[in-house]
Amino acid sequence: MSLEFISLENIQRIAHEYGYWAIFFGILLENLGIPIPGETVTLVGGFLAGSHELNYWLVLGDAVTGAVIGGICGYWIGRTGGWPMLVRLGSLFRFSEARLLSIKEQFSENAAKAVFFGRFFALLRIFAAPMAGIAEMPFGKFCFYNILGATVWASVMVTLSFFAGTVVSLEQLVAWVSKFAIAALLILAAFIIIPLWLEARQANNPAGE
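Position 145, counted from 1, in the sequence shown is what UniProt numbering calls 145; the numbers after and before it change by one each time, with no gaps.
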């Protein structure tokens with residue numbers, strides 16, 4: 001991100017100034033679709049815990065709680081008004097409503113995996129919960145995978161920075177995690193886009209010409 005207010009230096013400054021509240025609201029706001037790097041916020045929290053400026057368990061609790069509440073809010077945004085918004089966005093990119101319905105059905109079949117594993121991908125952290133709402137995933141089932149995914153993701157991020165922060169700098173740690181996240185996102189996008197492209201190509205050329 002190039003926006004000044006979410007630079008690593010400013011995240012560190014805000015975390016120093018507001019402590020646990022900064023971690024909680026940073027992750028919560030990211031899950032509501034605001035472009036705040038929740039992963040970096042979590043790493044900063046774990047790093048400060050590793051340097052004994054914050055408590056590890058409180059940082060972890062903040063990260064889990066912020067992610068869970070943000071996910072629930074995102075789910076209900078998608079459930080109550082997400083479909084009309086998706087149709088309007090789809091029209092801008094020339095996606096027919098029938099095509100969007102097909103995507104919705106495909107997501108519905110894999111909603112549990114998307115909600116759980118989406119925590120580890122920057123864009124999916126923002127969109128998985130609203131998409132689960134749009135797909136009308138049962139709320140109880142969503143809550144289970146939302147809490148499970150948030151707990152595993154937060155535990156990995158906070159613990160990683162808690163211990164790694166004693167070996168490498170925070171800047172280096174954030175850079176490594178960011179590179180891994182970008183690579184993982186590209187691989188995920190390839191798994192999604194290539195089958196859709198092949199399907200569209202086959203539909204446009206049914207005779208195999």
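In this text, a Cβ means the ideal position worked out from N, Cα and C, and glycines have one as well.
Looking at the ligand NAP, does it come within less than 7 Å of residue i, judged from the CB to the closest heavy atom?
i           : result
residue 145 : Absent from the structure shown: the ligand NAP. Ligands present: none.
Whole angstroms is fine: what's the gap from residue i's alpha carbon to residue j's?
i           : j           : result
residue 119 : residue 58  : 20 Å
residue 14  : residue 141 : 35 Å
residue 67  : residue 111 : 17 Å
residue 126 : residue 49  : 26 Å
residue 5   : residue 130 : A caution first: residue 5 carries a pLDDT of 44, below 50, which makes its placement in the model too unreliable to give a value.
residue 136 : residue 52  : 43 Å
residue 21  : residue 10  : 15 Å
residue 43  : residue 72  : 23 Å
residue 16  : residue 113 : 35 Å
residue 62  : residue 109 : 31 Å
Does the Cβ of residue i have 16 or more other Cβ atoms within 10 Å, making it buried, or fewer, making it exposed?
i           : result
residue 153 : buried
residue 80  : exposed
residue 2   : Because the pLDDT at residue 2 is just 37, under 50, the model does not fix this residue reliably, and the point stays unresolved.
residue 31  : buried
residue 39  : buried
Does residue i get closer than 8 Å to chain C when you measure Cβ to Cβ?
i          : result
residue 32 : In the structure shown, chain C does not exist; there is a single protein chain.
Does the beta-carbon distance from residue i to residue j come in below 8 Å?
i           : j           : result
residue 134 : residue 78  : yes
residue 69  : residue 41  : no
residue 157 : residue 46  : yes
residue 162 : residue 18  : no
residue 29  : residue 155 : no
Going by C-alpha to C-alpha distance, which of the options sits closest to residue i?
i           : options            : result
residue 124 : 138, 139, 136, 150 : 150
residue 105 : 115, 116, 132      : 132
residue 147 : 116, 109, 12       : 116
residue 36  : 7, 113, 16, 60     : 7
residue 76  : 54, 34, 139        : 139
residue 54  : 65, 144, 12        : 12
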